[in-house]
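A short worksheet on the structure shown next.
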Amino acid sequence: MEEALTRTGRRAKNKEDYDPNIHRLPWYAGWLLIALVAFCGTGSYLTFFILPSALTLTNLGLHPFAFNGARSWQTLRQLEALGPRPTGSRANEVLAVQLLEHEFSLVNASRNAAQEVLYDKQIVSGAYVRIGASVYRRVQNLIVKIVGEDDDRHALLLNCHFDSVASSPGASDDGASCAVMLELIRVLSREPRKPRHSIVFLFNGAEETPLQGSHGFITGHRWAKNVRAFINLESAGSGGKELLFQSGPGHPWLIEAYSRAVPHPFGQTIGEEIFQLGLIPSGTDFAIFHEFGHIPGLDFAHIFNGYRYHTQYDSIAYLSPAVLQRTGDNMLALVRLLANGNELAESANRAVGSDVYFDFLGLFFVTYSTTEGSIFNVIISLGGLLVGCWSVLAIVGWRHWPCVALEVLHGCVATLVGSIVALLFNLGIAFMLDRTMLI
Ligand SMILES: [Zn+2]
Numbered sequence: 001m002e003e004a005l006t007r008t009g010r011r012a013k014n015k016e017d018y019d020p021n022i023h024r025l026p027w028y029a030g031w032l033l034i035a036l037v038a039f040c041g042t043g044s045y046l047t048f049f050i051l052p053s054a055l056t057l058t059n060l061g062l063h064p065f066a067f068n069g070a071r072s073w074q075t076l077r078q079l080e081a082l083g084p085r086p087t088g089s090r091a092n093e094v095l096a097v098q099l100l101e102h103e104f105s106l107v108n109a110s111r112n113a114a115q116e117v118l119y120d121k122q123i124v125s126g127a128y129v130r131i132g133a134s135v136y137r138r139v140q141n142l143i144v145k146i147v148g149e150d151d152d153r154h155a156l157l158l159n160c161h162f163d164s165v166a167s168s169p170g171a172s173d174d175g176a177s178c179a180v181m182l183e184l185i186r187v188l189s190r191e192p193r194k195p196r197h198s199i200v201f202l203f204n205g206a207e208e209t210p211l212q213g214s215h216g217f218i219t220g221h222r223w224a225k226n227v228r229a230f231i232n233l234e235s236a237g238s239g240g241k242e243l244l245f246q247s248g249p250g251h252p253w254l255i256e257a258y259s260r261a262v263p264h265p266f267g268q269t270i271g272e273e274i275f276q277l278g279l280i281p282s283g284t285d286f287a288i289f290h291e292f293g294h295i296p297g298l299d300f301a302h303i304f305n306g307y308r309y310h311t312q313y314d315s316i317a318y319l320s321p322a323v324l325q326r327t328g329d330n331m332l333a334l335v336r337l338l339a340n341g342n343e344l345a346e347s348a349n350r351a352v353g354s355d356v357y358f359d360f361l362g363l364f365f366v367t368y369s370t371t372e373g374s375i376f377n378v379i380i381s382l383g384g385l386l387v388g389c390w391s392v393l394a395i396v397g398w399r400h401w402p403c404v405a406l407e408v409l410h411g412c413v414a415t416l417v418g419s420i421v422a423l424l425f426n427l428g429i430a431f432m433l434d435r436t437m438l439i
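Residue numbering for the sequence shown follows UniProt numbering, starting at 1 and increasing by one per position.
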């Protein structure tokens, strides 16, 4: 008797029970699949909008060492009220600088007596070649340093830019990041103990021109040479969660530190792959710190409502104190961990390999090395293939293996061809749209 299975998986007693239809499933399987997809889609969509409620000004007495979203919001309101701040404009070179320097003086007045907070205004000229040539003159960088106990040998850098494009008030890009950084300075400078390592806060005045302020700092400022890692705060949208979209390159300890420290994780390796392969014709100060300073770092951006990026709609109307609270909570935890841990001092020794990472619905963060990732991928791919072939052969009979192998080969080739055709189709449409726009 030929060995075969019925469609319910029971061993057939005779040839007449043989059912070659391997695609038949119970009637409810389709509905279950639809329900699963709907649940996952709805769940991930809804969790995308969950933000922690912002602390208010009345909470300041109760939580003096917590990031305060309301106080940070006040700074953002003032910065946004200056309007567009392109590099070279009065709004950027005079008004924004005055506003930030005034805030720095208030911070210095309210710092704990145990803390040493330094301020330096860098006016820098220079040039670099990257994609194209970029020449700049008298760009302004405002730099605050909370001096650490280890005498400045290993510093952490945080970066934002206070300039904007001419068409936008730059509330999210990158006023929100400047407001977050100012609040971090307020909180950290009031702590009763110095951090172990120095923390350098760079408010650069020329990012949109592009990337000149960060280049001026990393190649020309005396505090740059001791920086062992950086955190770059950017925006490519307006509101929502800040996405960790780039790390390293290499230096998996940075991802591990993020994973341990932050209360609200949100990051995907896929962004890093796309960015570092050069597939996106855009860059952040991350690239400058890496290419000219040879420093590893983490790149964050608010990406929600990307259509507001660099438009008049990147305004405070589409942000909220909760957005700043979330970013601030994460950055404060991360800065505290890095500024007081061993990682910065050992960064050169820890630059081995790289990590795969992602968050699960914002609830927790998963990381593993790329080597482990390759092993998982091979096991899952081969396992899937073997289980699939096994199931089919168990139904149609093992002697039909050449036919099944041929079907699998057809499936692989069809998938590959389909992917290539889909890619070419999309590139073709993008090419045609580009030509239409140029005309
Ligand atoms: Zn920006």
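Glycine included, every Cβ here is placed at the ideal spot set by N, Cα and C.
Is it the case that the CB of residue i approaches a heavy atom of ligand 1 more closely than 7 Å?
{"i": "D150", "result": "no"}
{"i": "S235", "result": "yes"}
{"i": "H161", "result": "yes"}
{"i": "E207", "result": "yes"}
{"i": "V355", "result": "The residue you asked about is not Val; residue 355 is Asp in the sequence shown. No, the beta carbon of D355 sits no closer than 7 Å to any heavy atom of ligand 1."}
{"i": "D173", "result": "yes"}
Just checking my contact of residue i with residue j at CB under 8 Å: how many whole Å lie between their CB atoms?
{"i": "Y309", "j": "Q212", "result": "Wrong, their Cβ atoms sit about 20 Å apart, outside the cutoff."}
{"i": "A91", "j": "L319", "result": "19 Å between Cβ atoms; not a contact."}
{"i": "E191", "j": "N112", "result": "6 Å"}
{"i": "F162", "j": "G205", "result": "6 Å"}
{"i": "E234", "j": "A301", "result": "4 Å"}
{"i": "C389", "j": "V404", "result": "6 Å"}
{"i": "residue 450", "j": "L157", "result": "In the structure as shown, the chain begins at 1 and stops at 439. Residue 450 is therefore absent and cannot be evaluated."}
{"i": "V139", "j": "G216", "result": "5 Å"}
{"i": "V187", "j": "L332", "result": "6 Å"}
{"i": "N68", "j": "L60", "result": "6 Å"}
Do residue i and residue j have their C-beta atoms closer together than 8 Å?
{"i": "N330", "j": "D285", "result": "no"}
{"i": "I146", "j": "Q115", "result": "yes"}
{"i": "T370", "j": "E242", "result": "no"}
{"i": "A261", "j": "L344", "result": "no"}
{"i": "F245", "j": "D299", "result": "yes"}
{"i": "L361", "j": "W73", "result": "no"}
{"i": "G148", "j": "H197", "result": "yes"}
{"i": "A54", "j": "A70", "result": "yes"}
{"i": "S172", "j": "S238", "result": "yes"}
{"i": "V107", "j": "V117", "result": "yes"}
{"i": "A236", "j": "G306", "result": "yes"}
{"i": "T219", "j": "T87", "result": "no"}
{"i": "R85", "j": "I316", "result": "no"}
{"i": "N226", "j": "A339", "result": "no"}
{"i": "I314", "j": "G170", "result": "According to the sequence shown, residue 314 is Asp rather than Ile. Yes; because the gap between Cβ atoms is below 8 Å, this pair is in contact."}
{"i": "A351", "j": "G250", "result": "yes"}
Can you list, in chain order, the stretches of the beta strand (DSSP E) that have 3 or more residues and sit fully within the region 176-247?
Within the region 176-247, the complete beta strand (DSSP E) runs of at least 3 residues are 199-204, 227-235.
Which ranges does the beta strand (DSSP E) cover as unbroken runs of at least 3 residues, wholly within the region 129-175, from first to last along the chain?
132-146, 155-161
Length-filtered (4 minimum) alpha helix (DSSP H) runs lying within the region 363-430:
370-396
Pick out the complete alpha helix (DSSP H) segments inside the region 103-129, 4 residues or longer, and give them in chain order.
As far as the region 103-129 is concerned, it has no whole alpha helix (DSSP H) run of at least 4 residues.
Curious, which full-length beta strand (DSSP E) runs of at least 3 residues does the region 241-308 contain?
If only complete runs of 3 or more residues are kept, the region 241-308 shows the beta strand (DSSP E) at 242-248, 297-302, in order along the chain.
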